[in-house]
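Since the structure comes first, as structure tokens, the remarks are kept for the end.
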Amino acid sequence: MKLDDDDDAQLTEPYLSKQKKLMAKILEHDNVNYLKKILGDLGMVLDQIEAELEKRKIEYQGQKCELWLCGCAFTLADVLLGATLHRLKFLGLSKKYWEDGSRPNLQNFFERIQKRFAFRKVLGDIHTTLLSAVVPNAFRLVKRKPPSFLGASFLMGSLGGMGYFAYWYLKKKYI
């Protein structure tokens, strides 16, 4: 099937527009003020989740059931929150947002969801998961700005550490 030049012209404009929007979004993520705003918003969202978990605790007081976001039933909302909290922990934000004792219900929620078989099977150990997210970003940063000696040393040490954890995990799992 051969496309006419008219078809190409019709597709070019939306494609270029989408490409500009994507590049603006990527550059926005490098903006420190934008990231500070996002982290502030994250704190407010986690406060709302903490309040919801507290409501469930009061609402189901005296009943013998494990409490989740929507009550006694484990729902998709719990799966999504668990995956989000796992990612935040991977990024090193858990100490700031819930492990410092400021959100005890959220901390309890995360500890319980980590004990679930399906959670452990899919997301596993925090040190070995999401490795695919770290390495491409590290190389993207290196391409954009040549690292200083300290930065290069840190990058190489990090990659070596991740390699060690991957080796340790695979050795433990298969040997």
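Start counting the sequence shown at 14; every next residue gets the next number (our numbering).
Note that the Cβ used here is the ideal one computed from N, Cα and C, for glycine as well.
| Asked | Found |
| --- | --- |
| With 16 as the cutoff for other CB atoms within 10 Å, does Ile51 come out buried or exposed? | exposed |
| With a threshold of 6 Å on Cβ separation, who are the neighbours of Leu172 within its own chain once the five nearest residues in sequence on each side are excluded? | none |
| Can you find the residues in the same chain that come closer than 7 Å, C-beta to C-beta, to Arg129, ignoring five residues on each side of it along the sequence? | none |
| With 16 as the cutoff for other CB atoms within 10 Å, does Arg133 come out buried or exposed? | exposed |
| Across which residues does DSSP place Trp81 in a beta bridge pair? | Gly84 |
| Look up Asp113 in the DSSP assignment and say whether it is helix, strand or coil. | coil |
| Indicate whether Leu82 and Arg69 have their beta-carbon atoms separated by less than 9 Å. | yes |
| In angstroms with no decimal places, state the Cα-to-Cα distance between Arg125 and Leu55. | 21 Å |
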